[in-house]
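Input: a single structure, listed below in structure tokens.
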Amino acid sequence: MSYLAPAEFVTKMVDAGESKVFMSTRDTLIRGYMAGAILALAAVFAITVAVKTGSFLLGAVLFPVGFCMLYLMGFDLLTGVFVLAPLAWLDRRPGVTPSAILRNWGLVFLGNFAGALTVAFMMAFVFTYGFNAEAGAIGSKVAGIGEARTLGYAEYGVAGWFTIFIRGMLCNWMVSMGVVGAMISTTVSGKVLAMWMPIMLFFFMGFEHSVVNMFLFPFGLIMGGDFSVMDYFIWNEIPTALGNLVGGLAFTGLTLYTTHIRTAPKRPVEPLLKEAA
Numbered sequence: 036m037s038y039l040a041p042a043e044f045v046t047k048m049v050d051a052g053e054s055k056v057f058m059s060t061r062d063t064l065i066r067g068y069m070a071g072a073i074l075a076l077a078a079v080f081a082i083t084v085a086v087k088t089g090s091f092l093l094g095a096v097l098f099p100v101g102f103c104m105l106y107l108m109g110f111d112l113l114t115g116v117f118v119l120a121p122l123a124w125l126d127r128r129p130g131v132t133p134s135a136i137l138r139n140w141g142l143v144f145l146g147n148f149a150g151a152l153t154v155a156f157m158m159a160f161v162f163t164y165g166f167n168a169e170a171g172a173i174g175s176k177v178a179g180i181g182e183a184r185t186l187g188y189a190e191y192g193v194a195g196w197f198t199i200f201i202r203g204m205l206c207n208w209m210v211s212m213g214v215v216g217a218m219i220s221t222t223v224s225g226k227v228l229a230m231w232m233p234i235m236l237f238f239f240m241g242f243e244h245s246v247v248n249m250f251l252f253p254f255g256l257i258m259g260g261d262f263s264v265m266d267y268f269i270w271n272e273i274p275t276a277l278g279n280l281v282g283g284l285a286f287t288g289l290t291l292y293t294t295h296i297r298t299a300p301k302r303p304v305e306p307l308l309k310e311a312a
């Protein structure tokens, strides 16, 4: 595959962050909506595969198909703009301000949530034949996930909250690597391969992704999960989103930006020669 050197693709990351900040409200919402909807479909696809085959690994292997589709189409996930938009501000791009970044994050969040919620209702309707039948094994599985990843964390209090936060950090470390992976190649096959690896890892390890959860938990509530909307936000969505922000920006965005754009001064040659002598 055609490969771009780090200095080249990190510059593309900054350019992408600037572009997203200045995107129109309409386009930001539409792109966010489609990203949330596609990732939700990928999540229910992966769960369906895992339930029907009994292999969660196979579900994790196939889940990245949704991520690849939405990024090849140019749609936006909250986890992606968490990483890219601040880089444009750090690079002092004109007009990129903290308030503009927060506006972008808010619009992408709304778009992602609306798209994921739409798919949650559509799939609930499909699985229950218009809410006239039981959803079966898949519905029960998702309802169980919702309970385990809200009330299950709540049992441990503050330690449980920080467990979600750290899982969110680890998740967007990998997901943001997938976002960057789409930029290191100029071929479709190269982009897909670079995105596939970290996304498969995060899904199989059970890390917390704020946009995937925008589907899983509303769907779980519709399917009769024994947890509340407040349980979902306090014991999952909020700490997950915060962890996604910190993990993606700290482990991927800032490390690449500081070492390939804002590099530290190189060590002088003469002292090194004296040391060698």
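Each number in the numbering used here comes from the position in the sequence shown (counting from 1) with 35 added on.
Glycine residues also receive a C-beta, built at the ideal position from the N, C-alpha and C atoms.
Near residue i, which residues of its chain fall below 7 Å by C-beta distance, leaving aside the five closest residues on each side in sequence?
i: Val-177; result: Ile-82, Leu-251, Phe-254, Gly-255 and Met-258
i: Leu-64; result: Leu-142, Leu-145 and Gly-146
i: Leu-122; result: Met-48, Val-49, Gly-52, Gly-288 and Tyr-292
i: Arg-184; result: Asn-271
Beta carbon of residue i, beta carbon of residue j: below 8 Å?
i: Val-161; j: Ala-72; result: no
i: Met-235; j: Val-96; result: yes
i: Leu-277; j: Gly-203; result: yes
i: Phe-102; j: Met-230; result: yes
i: Phe-44; j: Ile-273; result: no
i: Ala-75; j: Ala-151; result: yes
i: Val-116; j: Lys-55; result: yes
i: Ile-136; j: Ala-120; result: yes
i: Met-158; j: Val-79; result: yes
i: Trp-140; j: Val-131; result: no
i: Val-223; j: Leu-39; result: no
Can you tell me whether residue i is buried or exposed? The criterion is at least 16 other CB atoms within 10 Å of its CB, across all chains shown.
i: Asp-261; result: exposed
i: Glu-169; result: exposed
i: Tyr-267; result: buried
i: Leu-105; result: buried
i: Asn-248; result: buried
i: Val-227; result: buried
i: Pro-303; result: exposed
i: Thr-221; result: exposed
i: Gly-241; result: exposed
i: Pro-300; result: exposed
i: Val-57; result: Strictly speaking, residue 57 in this sequence is Phe, with Val absent from that position. With fewer than 16 other Cβ atoms within 10 Å, it is exposed.
i: Thr-290; result: exposed
i: Phe-156; result: exposed
i: Thr-298; result: exposed
i: Thr-88; result: exposed
Considering only residues of the same chain and omitting the five flanking positions on each side of residue i, which have a CB-CB separation below 8 Å?
i: Tyr-188; result: Gly-195, Trp-196, Thr-198, Ile-199, Trp-270 and Asn-271
i: Thr-114; result: Cys-206, Asn-207, Val-210, Ser-211, Val-214, His-244, Ser-245, Val-246, Asn-279 and Gly-283
i: Gly-20; result: The structure shown does not extend to residue 20, since the chain is modelled only from 36 to 312, so the question has no answer here.
i: Pro-129; result: none
i: Glu-182; result: Gly-255, Gly-260, Asp-261 and Phe-262
Hey, could you find the ends of the alpha helix (DSSP H) residue i is sitting in?
i: Thr-290; result: 289 to 295
i: Leu-74; result: 60 to 88
i: Ile-199; result: 192 to 216
i: Met-230; result: 223 to 240
i: Asn-279; result: 273 to 283
i: Trp-124; result: 113 to 125
i: Ala-95; result: 91 to 97
i: Ser-175; result: 171 to 183
i: Thr-46; result: 41 to 56
i: Ile-257; result: 245 to 257
i: Tyr-38; result: Unbroken run through Tyr-38: none, as it is neither H nor E.
i: Ser-134; result: 133 to 162
i: Ala-189; result: 186 to 189
i: Asp-266; result: 264 to 267
If contacts are defined as beta-carbon pairs under 8 Å, then residue i and residue j qualify, I think. What distance do you get, rounded to the angstrom?
i: Arg-66; j: Asp-111; result: 5 Å
i: Ser-37; j: Gly-216; result: Going by Cβ atoms, the distance from Ser-37 to Gly-216 rounds to 14 Å, so no, they are not a contact pair.
Take residue i and list the residues in its own chain whose beta-carbon comes closer than 6 Å to its own, dropping the five residues that flank it on each side.
i: Phe-239; result: Ala-95
i: Phe-91; result: Ala-85
i: Tyr-68; result: Gly-146, Ala-149 and Gly-150
i: Ile-296; result: Val-45
i: Ala-172; result: Val-86
i: Ala-42; result: His-295
i: Pro-233; result: Met-209, Met-212 and Gly-213
Kindly examine the ligand COA and report whether one of its heavy atoms sits closer than 7 Å to the Cβ of residue i.
i: Asp-261; result: For the structure depicted, the ligand COA is absent and the ligand set is empty, with no information on it obtainable.
Is there at least one Cβ from chain C nearer than 8 Å to residue i's Cβ?
i: Ile-201; result: Absence of chain C from the displayed structure is noted, only one protein chain being present.
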